[in-house]
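A short write-up of the structure that comes next.
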Amino acid sequence: MTGGGDRPVSFGPHQMADHLGACHSQVGRARELGLLPDPDVGGRRWSAAAVEGIRGRWPQVLATIEAARELGAGRCAALLAERTGLGVDAADVEELAARELVRISGYFKDRPLYRVAEIEAQASDPAQVSVLAGIVAERRAWLAGSLESWQATARLGWSAREFGRAVRERGIRAGRFGRFALADVEDLAADEDLAEDMRGNRLLGPDQAAEHLEARRTDFDYCVAAGWITPASHTDSRISRRRTVSVPLYRVADVEALLEVPGVDWEAVRAARPGEPSPLREHARLPTARAALVRGFAADLAARYGTPVTARYDGDRDRWELAWAPGAGGQPGEDTVRAALRADRDLAPHARSIGLRAAPAGLNAPDGEGARA
Numbered sequence: 002m003t004g005g006g007d008r009p010v011s012f013g014p015h016q017m018a019d020h021l022g023a024c025h026s027q028v029g030r031a032r033e034l035g036l037l038p039d040p041d042v043g044g045r046r047w048s049a050a051a052v053e054g055i056r057g058r059w060p061q062v063l064a065t066i067e068a069a070r071e072l073g074a075g076r077c078a079a080l081l082a083e084r085t086g087l088g089v090d091a092a093d094v095e096e097l098a099a100r101e102l103v104r105i106s107g108y109f110k111d112r113p114l115y116r117v118a119e120i121e122a123q124a125s126d127p128a129q130v131s132v133l134a135g136i137v138a139e140r141r142a143w144l145a146g147s148l149e150s151w152q153a154t155a156r157l158g159w160s161a162r163e164f165g166r167a168v169r170e171r172g173i174r175a176g177r178f179g180r181f182a183l184a185d186v187e188d189l190a191a192d193e194d195l196a197e198d199m200r201g202n203r204l205l206g207p208d209q210a211a212e213h214l215e216a217r218r219t220d221f222d223y224c225v226a227a228g229w230i231t232p233a234s235h236t237d238s239r240i241s242r243r244r245t246v247s248v249p250l251y252r253v254a255d256v257e258a259l260l261e262v263p264g265v266d267w268e269a270v271r272a273a274r275p276g277e278p279s280p281l282r283e284h285a286r287l288p289t290a291r292a293a294l295v296r297g298f299a300a301d302l303a304a305r306y307g308t309p310v311t312a313r314y315d316g317d318r319d320r321w322e323l324a325w326a327p328g329a330g331g332q333p334g335e336d337t338v339r340a341a342l343r344a345d346r347d348l349a350p351h352a353r354s355i356g357l358r359a360a361p362a363g364l365n366a367p368d369g370e371g372a373r374a
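Numbering (the numbering used here), first residue to last: 2 to 374.
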């Protein structure tokens with residue numbers, strides 16, 4: 002809104018800033034700090050008289066804005082470094098605040114802000130600069146004498162889980178910046194009993210366990226079948242988009258204990274070539290594979306009722322399906338076959354993973370044996 006001679010009779014924030022020769026941000030900051038009167042024209046603009054009044058005290062407003070200027074820890078650290086010549090870091094500014102030597106004046110995106118005036122006062126006071134120098138030296142000394150957790154695990158040759166277990170059991174706590182004292186890490190590294198305990202408790206899958214024994218997977222399976230070793234845990238392994246399998250895990254110490262089982266000639270076990278019978282077969286019998294059991298059951302069913310029976314395997318779902326065409330009397334029906342499955346000592350544990358499908362009367366069962374498991 003303008004009057005005669007194009008002179009505004011009221012001013013918006015940007016017009017007022019231009020009229021005062023100020024930055025738009027300075028007017029905005031002055032409003033945030035409550036240093037300007039409320040707009041007196043329509044609740045959004047200032048009259049020419051009001052702006053002239055602001056002009057008269059604008060130097061004082063600028064001084065107040067400057068005194069209230071705030072910066073984050075990083076920029077305050079740069080300011081202190083420039084003024085003192087010290088290698089100040091943002092963490093040192095945060096330590097000053099923790100010691101109540103400077104105050105947090107506000108927050109921006111959850112990060113603390115500090116008054117520039119207080120930071121400059123810190124830099125101009127020799128006693129405070131001495132304190133700051135001590136804080137910088139302490140931080141540098143801690144960084145030189147400590148390790149991040151990933152550095153500690155690399156130094157020890159442990160996993161993050163193993164390191165976490167060790168520090169919990171030993172009551173070791175992380176210090177500043179989440180770092181661990183180098184002396185504590187060196188103490189852990191020097192503990193041979195602890196290192197052996199860590200090694201012995203590491204977990205191996207069946208293939209890894211066989212490799213650790215320098216034997217074949219079949220030989221290790223005989224050890225499991227003989228009851229010489231049991232899993233310490235299990236983990237799920239995804240083998241297809243819809244299917245996971247539970248994989249047993251064995252402790253290294255338990256795997257190595259197999260080498261002490263009486264009556265086992267491990268030289269002979271390790272000398273067996275691929276395809277040759279395992280020398281351990283005299284100690285245990287490996288369980289029959291589910292695929293062989295299902296196909297055998299299908300063959301018996303076909304012979305008993307004189308009808309073709311198809312066994313198909315769905316690898317994605319880890320499920321078998323038996324399909325057949327009942328005879329003229331409607332036998333065998335699904336209930337009959339299900340009862341036979343449950344009565345089969347070897348197949349009963351797998352009954353839930355076997356689907357049954359009796360073809361409608363007059364239709365033949367699908368041809369083919371189906372996929373192997």
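Yeah, the Cβ is synthetic: ideal placement off N, Cα and C, and Gly gets one too.
Everything numeric in this text was worked out from a predicted model, so none of it was measured.
Listed in chain order, the alpha helix (DSSP H) runs fully inside the region 139-165 are 150-157, counting runs of at least 4 residues. For proline 232, the closest C-alpha among the options Leu204, Phe298, Asp198, Val137 is that of Leu204. DSSP places valine 89 in no alpha helix (DSSP H); its state is neither H nor E. By the 16-neighbour rule on beta-carbons within 10 angstroms, phenylalanine 178 is exposed. In the DSSP assignment, isoleucine 355 falls within the unbroken beta strand (DSSP E) covering 355-359. In the three-state DSSP reduction, aspartate 237 falls in the strand class (E or B). As computed with DSSP, aspartate 315 is found in a beta bridge with Arg320. Proline 249 is bridged by DSSP to His235. In its chain, beyond the 5 residues on either side, Pro207, Ala210, Ala211, Leu214 have a beta carbon closer than 7 angstroms to the beta carbon of phenylalanine 221. Within the same chain, Gly316, Asp317 come within 8 angstroms of serine 241 by CB-CB distance, once the 5 residues on both sides are set aside. Under the DSSP assignment, isoleucine 105 falls in the beta strand (DSSP E) whose first and last residues are 105-109. Beta-bridge analysis with DSSP links glutamate 71 to Arg116. Between glutamate 95 and proline 113, the C-beta spacing is below 9 angstroms.
Pairing glutamine 16 with leucine 81 gives a Cβ-Cβ distance that is not under 9 angstroms.
Around the CB of glutamate 71, 16 or more other CB atoms lie within 10 Å, so the residue is classed as buried.
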